[in-house]
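Let me begin by presenting the structure, written as structure tokens, before commenting on it.
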Amino acid sequence: MNFRVVANLSLYDFYDLFRPANGNSISIFFKNFQAPLPNEYLIWVNDASDEDNEPWFVLTNHRVLQKNGIDKVFHQIWLKDIARIETSGIWTKKLTYHLKSGDTIIFEKVGIYVSEEYVEKLMSLEV
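Counted the way this note's numbering counts, the sequence shown spans residues 172 to 298.
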């Protein structure tokens, strides 16, 4: 979804399309993180399909917002800053993002996440 197109929707139509209910990943994206860049596109979002599930991530062509399963806090990672990604675990995953700066960002007890292949493909594109 192109955020520029969505920006032209009325608030009612935006809520009807995205339903950014309190606590879902779209509401977290807009309330807690930088507004979309002019050339930023929403690619994939994981949201609660029922009351027992929780949102886990938002992916755009510039960044991924992932929730840590331990503290339930979302963190933002810019795709241009990622050097490589590691995953481990079977039922729940541990995600480690190695940044070009040498820093690492670790997410533990992650239930749902964007596959490494998908992020790596986006990283290879010029945005």
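Beta carbons: idealized from backbone N, C-alpha and C, even for Gly.
Check: Given T258 as reference, the closest of L270, G273 and F278 once Cα atoms are compared; Outcome: F278
Check: Reduced DSSP secondary structure (H/G/I, E/B, other) of L236; Outcome: strand
Check: Collapsed DSSP secondary structure at E279 in the structure displayed; Outcome: strand
Check: Outcome for G282 when other beta-carbon atoms lying within 10 angstroms are tallied against a minimum of 16; Outcome: exposed
Check: Alpha carbon of W227 to alpha carbon of Q237, nearest angstrom; Outcome: 6 Å
Check: Whole-angstrom distance between L293 and K265, CA atom to CA atom; Outcome: 21 Å
Check: Cα-Cα separation between K243 and E211, rounded to whole angstroms; Outcome: 25 Å
Check: Cβ separation of T263 and K280, assumed to be a contact under 8 Å, to the nearest whole Å; Outcome: 5 Å
Check: Any non-hydrogen atom of the ligand NAD closer than 7 Å to P226 Cβ; Outcome: As far as ligands go, the structure on display features none, and thus does not contain the ligand NAD.
Check: Where I256 falls: helix, strand or coil (DSSP); Outcome: strand
Check: Cβ shell of M172 (< 7 Å), same chain only, five flanking positions each side left out; Outcome: Confidence is the limiting factor: at M172 the pLDDT is only 47, short of 50, which leaves the residue's position unreliable and the question unanswerable from this model.
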